[in-house]
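Take the sequence shown: its position 233, counted from the start at 1, is 283 in my numbering, and no numbers get skipped.
We put the beta carbon where it would ideally sit given N, CA and C, even for glycine.
First the structure, in the form of structure tokens, and then the observations on it.
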Amino acid sequence: MKTVLVTGGNGGIGSAICRDMAENGYSVVAAYYSDEKEQARAWQRSLQEQGVDVEIVGGDVTDYESAKGMVDEAVMKVGPIDVLVNCAGITRDATFRKMVPDQWNEVINTNLDSVYNVTHQVINGMLERGFGRIINIASVNGQKGQFGQTNYSAAKAGLHGFTMALAQETARKGITVNTVSPGYISTPMTQAMPVEVLDAIVGSVPVGRMGEPEEIAHTVLWLASEKSAYVTGANIPINGGLFMAA
Ligand code: NDP
51 MKTVLVTGGN GGIGSAICRD MAENGYSVVA AYYSDEKEQA RAWQRSLQEQ
101 GVDVEIVGGD VTDYESAKGM VDEAVMKVGP IDVLVNCAGI TRDATFRKMV
151 PDQWNEVINT NLDSVYNVTH QVINGMLERG FGRIINIASV NGQKGQFGQT
201 NYSAAKAGLH GFTMALAQET ARKGITVNTV SPGYISTPMT QAMPVEVLDA
251 IVGSVPVGRM GEPEEIAHTV LWLASEKSAY VTGANIPING GLFMAA
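Have a look at this one:
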């Protein structure tokens, strides 16, 4: 049975990924933010009640040692990690003029530094075993930029730079590295946005609605497959047509 570790695993998109992968025969570990242990346990129990088994591990992806502890614990629970989904992320929106250093640093640390911190723990094992799937959840706003999100847009664009570079370093070793760039998806992250801002954005989405977390999970599952071995270094948009590029 293949194993998968999903950071931000109990978040909106992460939950859908964990569920889909568990239902498709993966041994799943959801990494939750270490401060949220009780919440993560309750989330795990509710999945169990629905017949979906997922292991949980706590950690702070912004901290290298914490990420190491988190991955070590995941390996103890399910064995070496075959598929890593880097999904933990936050927003701290402000126009650039008003953005304070904490808003910049927290977003870069959580959305970009985290990917070094976590991926570095699994890459050697994947290279030794000659198989791996690394899937980085970026954003449409890393592709097109977004007013009030210089920090987030920079982190997510940087994430895809990481994807393309690591894809080249690992391509001959059975490892693929890809980015998935969602548009606006119904999760706690977007529920926290002002309604009028969200309505205006959704009004400009050609498909005419927000995306569902399951629509992201579907692509992650496809990328994780052994049959997707020839897809690497890609940035796959799932945005209802909000941003199209040649
Ligand atoms: P959620 O807020 O629901 O999930 C984010 C997850 O990341 C939470 O589980 C959160 O834990 C976790 N997390 C945050 N900080 C840390 C940390 N320091 N260490 C470990 N875990 C942490 O958001 P979504 O599910 O919507 O977002 C998931 C990913 O998708 C993010 O990377 C986001 O940027 C991206 N995305 C989302 C879009 C959307 O429209 N929703 C659009 C495009 C991209 P906790 O809740 O305990 O803080």
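- Whose C-beta lies closer than 7 Å to the C-beta of V128 among residues of the same chain, with five residues either side of it excluded? Taking the first residue of the sequence shown as 1, we reach residue 128 at position 78. If we look at V128 and ignore the five residues flanking it on each side, its Cβ neighbours are T53, S77, V79, E105.
- So N186 and F212 are in contact, right, with Cβ under 8 Å, and what is the actual spacing, rounded? Within the sequence shown, numbered from 1, the residue matching residue 186 stands at position 136. Within the sequence shown, numbered from 1, the residue matching residue 212 stands at position 162. Yes, they are in contact, since the Cβ atoms of N186 and F212 sit about 7 Å apart, within 8 Å.
- Message: Measuring straight from C-alpha to C-alpha, what distance separates E265 and S189?
- Response: Counting from 1 along the sequence shown, the entry for residue 265 is found at position 215. Counting from 1 along the sequence shown, the entry for residue 189 is found at position 139. Approximately 14 Å, taken between the alpha carbons.
- Item | Whether G283 touches M176 by CB criterion (7 Å) | Mapped onto the sequence shown, residue 283 falls at position 233. Mapped onto the sequence shown, residue 176 falls at position 126. With a cutoff of 7 Å on beta-carbon distance, G283 and M176 are scored as not near each other.
- Query: To the nearest whole angstrom, what separates the beta carbons of A90 and N60, a pair I think is in contact under 8 Å?
  - Reply: Within the sequence shown, residue 90 is the residue found at index 40, counting from 1. Within the sequence shown, residue 60 is the residue found at index 10, counting from 1. So it is a contact: roughly 5 Å between Cβ atoms.
- Query: If you pair each beta-carbon of the segment 165-184 with each one of the segment 239-246, do three or more pairs fall below 8 Å?
  - Reply: By the Cβ criterion, the segment 165-184 is not in contact with the segment 239-246, since fewer than three pairs of Cβ atoms, one from each stretch, lie closer than 8 Å.
- Message: Would you call the segment 218-238 in contact with the segment 256-272, where contact means no fewer than 3 C-beta pairs closer than 8 Å?
- Response: At 8 Å Cβ cutoff, the stretches touch.
- Kindly indicate the opening and closing residues of the beta strand (DSSP E) around G291. Taking the sequence shown and counting its residues from 1, the one referred to as residue 291 is at position 241. From DSSP, G291 is part of no beta strand (DSSP E); its letter is neither H nor E.
- Report the rounded CA-to-CA distance for R259 versus Q199, giving the unit in angstroms. The residue you call residue 259 lines up with position 209 of the sequence shown. The residue you call residue 199 lines up with position 149 of the sequence shown. Rounded to whole angstroms, R259 to Q199 spans 22 Å at the Cα level.
- Query: In this structure, does DSSP put N155 in helix, strand or coil?
  - Reply: The sequence position of residue 155 within the sequence shown is 105, counting from 1. Here DSSP, grouped into helix, strand and coil, assigns N155 to helix.
- Task: Using beta-carbon positions only, say whether S84 and D122 come within less than 7 Å of one another.
- Result: By one-based count along the sequence shown, residue 84 stands at place 34. By one-based count along the sequence shown, residue 122 stands at place 72. Going by beta carbons, S84 and D122 fall outside the 7 Å limit.
- Message: Please tell me whether, using a cut-off of 6 Å, the distance from the CB of E86 to the nearest non-hydrogen atom of the ligand NDP is below it.
- Response: On the sequence shown, residue 86 is found 36 positions in, with the first residue counted as 1. Flag set: Cβ of E86 near the ligand NDP.
- Segments assigned alpha helix (DSSP H), at least 4 residues, entirely inside the segment 195-261: With a minimum length of 4 residues, the continuous alpha helix (DSSP H) runs that stay inside the segment 195-261 are 200-220, 238-241, 245-253.
- Message: Spatial neighbours of L162 within its chain, please: C-beta separation below 7 Å, excluding the five flanking residues on both sides.
- Response: Locating residue 162 in the sequence shown gives position 112, where the first residue counts as 1. For L162, where only same-chain residues beyond five positions count, the Cβ hits under 7 Å are A205, G208, L209.
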